[in-house]
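Number of protein chains: 2
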Amino acid sequence: MSLKVPSIDRLAHELSKLPGIGAKTAQRLALGIIKKNEREVESLREALQDVKEKIRECDNCFCYTENPKECDFCLDPKRLDSPILCVVKSPTDIAKIESAGVFKGCYHVLHGCIAPLDGVGPEDLTLTELIKRVATLSKKGELIEVVVALDADMEGDTTSLYIKEILSDYEVSVTRLAHGVPMGSYIDFVDQRTLGRALENRVKL
Amino acid sequence: MSLKVPSIDRLAHELSKLPGIGAKTAQRLALGIIKKNEREVESLREALQDVKEKIRECDNCFCYTENPKECDFCLDPKRLDSPILCVVKSPTDIAKIESAGVFKGCYHVLHGCIAPLDGVGPEDLTLTELIKRVATLSKKGELIEVVVALDADMEGDTTSLYIKEILSDYEVSVTRLAHGVPMGSYIDFVDQRTLGRALENRVKL
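Chains as they are written, first to last, in our numbering: chain L, 1 to 205; chain A, 206 to 410.
Structure representation (structure tokens):
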């Protein structure tokens, strides 16, 4: 489904390379962009250039930042005082965890999970850097706990267990997120495995 | 939910202005763009500039084109021979109709429908130009029928009836798309009004 106008097709093709954008959505976006005025399209083009020029990974935790070396999380003295380090798959997860407003420590971004079927091994993640950080911090007595906050799927579980293994030589406790009934949900909607876990990990009222 | 990195937030904000893109999708797209290499992002930026520089509306039918005056549909001698003109709301609808492969005539893009609640009146559409085209073509005896292919909602129906009215002085028959049971669908899934129309407009086997 195309109007056969080359520049529209090209834009739709470029947009369809973005995550979660299929051919039909790309076509709709391209036609939406045509309706925008020149200033609006220029704004979008500038924002694209800007993000490409300014964004880099933090030297310490590998989250995205505009700072020359370390990100704002790693520079925050309050967070540096926290004895807990939170390991996540991607910077998006940090944004999500921050929106919960419960965790106030520093992060470590793996930029993926171990997924042998997709050809992603431990060496493709920032695990060596994680070990170095934990070694340094636990030596100084500044780190007590590493929370592994990964997805509750096979890749997430594998990676969590791998991290537990590689950190076993250091004096830190490795924890993971609790599994259970989502807040606001109904018992009837929860799958058996989740309900099983929720029962096993029941909490005193 | 944001990482509080200004250039990422700005890109997400620009992306959220596109049709059908909410704040969360925009954030996901922005983070997806960061993962692209520079050449890929430059490709997207070029495609955006290209579409803005090259695309204009056809002088005749108001479809999008890169041609200096008339679009490929209006320049196609086979289509010019067709005695049927198809009126659509937007260029997207042309792409959709073309994909059906049944209609081989010329189009006329209204760029909207009459929608008093949204402040869109007949004067905001390309209706004056439609009347001129129909007047010229019907005079020459080159046009017999105008198919109004608009959405089956209130705005579409209102606009269809309005077009029937303003073309009543010309010797053309004004038709609209058939309503009925969608192909591959089941009687049980079709709403009452559609089923009523399908019964009224039943066709001999």
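Ideal Cβ placement from N, Cα and C applies to all residues, glycine included.
Subject >> Same chain, Cβ closer than 7 Å to residue 316 of chain A, five either side skipped, listed in chain order >> reply: Within the same chain, 267, 295, 330, 331 come within 7 Å of residue 316 of chain A by CB-CB distance, once the 5 residues on both sides are set aside.
**OP:** For residue 248 of chain A, return the contacting residues in chain L, with the cut-off set at a CB-CB distance below 8 Å.
**Re:** Scanning chain L for C-beta atoms nearer than 8 Å to the C-beta of residue 248 of chain A yields 14, reported in chain order.
**OP:** Pull up the distance between the alpha-carbon of residue 54 of chain L and that of residue 68 of chain L, whole angstroms please.
**Re:** Straight-line measurement puts the Cα of residue 68 of chain L at about 9 Å from the Cα of residue 54 of chain L.
Original post:
Got a sec? Which residues, its chain only, sit under 6 Å from residue 21 of chain L by beta carbon, not counting five neighbours each side?
Top reply: Contacts found: 15.
Subject >> Residue-chain proximity (residue 295 of chain A, chain L), Cβ-Cβ < 9 Å >> reply: By this cut-off, residue 295 of chain A is an interface position.
Subject >> Buried/exposed call for residue 397 of chain A, threshold 16 Cβ in 10 Å >> reply: Looking at its Cβ environment, which holds fewer than 16 other Cβ atoms inside 10 Å, residue 397 of chain A is exposed.
Original post:
According to DSSP, is residue 51 of chain L helix, strand or coil?
Top reply: The three-state reading of DSSP puts residue 51 of chain L in helix, counting H, G and I together.
Original post:
Using a C-beta cutoff of 9 Å, does residue 95 of chain L count as contacting chain C?
Top reply: Protein chains in the displayed structure are L and A, and chain C is not among them.
Original post:
Would residue 391 of chain A count as contacting chain L if we go by Cβ distances under 9 Å?
Top reply: Look at residue 391 of chain A: its C-beta is not under 9 Å from any C-beta on chain L.
Original post:
On the three-state DSSP scale, how would you describe residue 186 of chain L?
Top reply: In the three-state scheme derived from DSSP, where H, G and I count as helix and E and B as strand, residue 186 of chain L is classed as coil.
Subject >> Reduced DSSP category for residue 74 of chain L - H, G, I as helix; E, B as strand; rest coil >> reply: Of the three classes helix, strand and coil, the one that applies to residue 74 of chain L here is helix, per DSSP.
Original post:
If you scan the region 112 to 162 of chain L from start to end, which runs of the alpha helix (DSSP H) of 4 or more residues do you find wholly inside it?
Top reply: Scanning the region 112 to 162 of chain L from its first residue to its last, the whole alpha helix (DSSP H) runs of 4-plus residues come out as 127 to 139.
**OP:** Determine the chain L residues that contact residue 259 of chain A at a beta-carbon separation under 7 Å, and present them in chain order.
**Re:** Neighbours of residue 259 of chain A on chain L, chain order: 7.
Original post:
Is DSSP giving residue 85 of chain L helix, strand or coil here?
Top reply: Reduced to three states, the DSSP call for residue 85 of chain L is strand.
**OP:** List the residues of chain L whose Cβ lies closer than 8 Å to the Cβ of residue 270 of chain A, in chain order.
**Re:** The answer, in chain order, is 5.
Original post:
Within this structure, are the beta carbons of residue 134 of chain L and residue 148 of chain L separated by less than 9 Å?
Top reply: No.
Subject >> residue 168 of chain L classed as buried or exposed, judged by whether at least 16 other C-beta atoms fall within 10 angstroms >> reply: That one is exposed.
**OP:** Step through the CB atoms of chain A and report whether any lies within less than 9 Å of the CB of residue 118 of chain L.
**Re:** Chain A, which has no Cβ nearer than 9 Å to the Cβ of residue 118 of chain L, makes this no.
Original post:
Do residue 105 of chain L and residue 131 of chain L have their C-beta atoms closer together than 9 Å?
Top reply: The Cβ-Cβ distance between residue 105 of chain L and residue 131 of chain L does not fall below 9 Å.
**OP:** Take the Cβ of residue 391 of chain A as the centre, count every other Cβ of all protein chains shown within 10 Å, and call the residue buried at 16 or more, exposed below.
**Re:** So residue 391 of chain A counts as exposed.
Original post:
Quick one: any contact between the region 2 to 13 of chain L and the region 22 to 39 of chain L, if contact means 3 or more CB pairs under 8 Å?
Top reply: Because the criterion of three Cβ pairs below 8 Å is met, the region 2 to 13 of chain L and the region 22 to 39 of chain L touch.
**OP:** Using only alpha-carbon positions, find the residue among L:86, L:77, L:94 that is nearest to residue 65 of chain L.
**Re:** If you compare the alpha carbons of L:86, L:77, L:94 with that of residue 65 of chain L, the shortest gap goes to L:94.
**OP:** Tell me whether residue 56 of chain L sits in a helix, a strand or coil according to DSSP, three-state version.
**Re:** Looking at residue 56 of chain L - three-state DSSP - the assignment turns out to be strand.
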